[in-house]
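Take the sequence shown: its letter number 115 is residue 102 in our numbering, and every next letter is one higher.
Beta carbons: idealized from backbone N, C-alpha and C, even for Gly.
This report concerns only the one structure given below.
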Amino acid sequence: MFNLFNRNNPADEMKRAVAAYEKVTSIESDSREARSLRMRMGMLCRAHLDKTFIAGAEQTAAWQELVSLSLKAGKPMPEAPTPSKFQKIRTGDSDVYAYLPEDYVIEAFGLGARYQKAELPAPKAIEAMQALANQISRYDLRLDEPFQALTFLREELAEQAAAEAAEHNEGQNAGDPSSEAP
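Listed below in structure tokens is the structure:
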């Protein structure tokens, strides 16, 4: 009964998320306020895409483990995981639900799953997710600049490349007599 008065009822929050997405994507104006709304929605969409990609990878890993256990036990295979059109996003001190249409979440989730199964290398995953982000940014939200997807994976790759370059340089300097102390 008290659930009726709960302001943060997830079903209501999800309805608001759909309404907000539809409102922002239908705005015809190019006013400062409209651009601001589009940018804020773009940030939510970016977070949603990233979380959906991660969910695809994590849920696929868990599903693969269940499949392996089921096969060993002679049990039927579990159903493959499916994506959600909603993601809970932390914004400041509170959480909000973000919504993306089913086509987008299926693609992002599938890319995360393929990345997890090593069917898709990280650079290709980034490229495909960025293409999806570009589509949402340019065609749905009509942003001047598309938001950047998978920043965390880009940073991870950059750190790996820097570490490999440092190792390579150390290896070259180890054989160089001029680099030794007198």
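If you compare alpha carbons, which of the options is closest to residue i?
i: A21; options: M30, K10, L31; result: K10
i: L137; options: A42, R19, N(-5); result: A42
i: A120; options: A34, S18, D(-1), S16; result: A34
i: L24; options: P110, A145, E106, L130; result: L130
i: L87; options: D127, E154, D17; result: D127
i: T69; options: G79, A149, A95; result: A95
i: V5; options: Q135, F40, F73, W50; result: F73
i: I123; options: K2, P65, Y8, P(-3); result: Y8
i: D(-1); options: P133, V83, E154; result: V83
Taking the alpha helix (DSSP H) that residue i belongs to, which residues open and close that run?
i: Q117; result: 109 to 122
i: Q135; result: Run containing Q135: none; DSSP gives neither H nor E here.
i: P(-3); result: -3 to 13
i: A49; result: 19 to 60
i: E89; result: 89 to 103
Would you list the residues sitting across from residue i in a DSSP beta bridge?
i: V83; result: I76
Count the other C-beta atoms from every protein chain shown that fall within 10 angstroms of the C-beta of residue i, then say buried if there are 16 or more, exposed otherwise.
i: L98; result: buried
i: E116; result: Inspection of the sequence shows that residue 116 is occupied by Met rather than by Glu. Buried, by the Cβ-count rule.
i: M30; result: exposed
i: D37; result: buried
i: K104; result: exposed
i: T47; result: buried
i: F139; result: exposed
i: L(-9); result: Only weak support is given to the placement of L(-9): the predicted model assigns it a pLDDT of 49, under 50, and the value that follows is read from those uncertain coordinates. Exposed is the call here.
i: Q159; result: exposed
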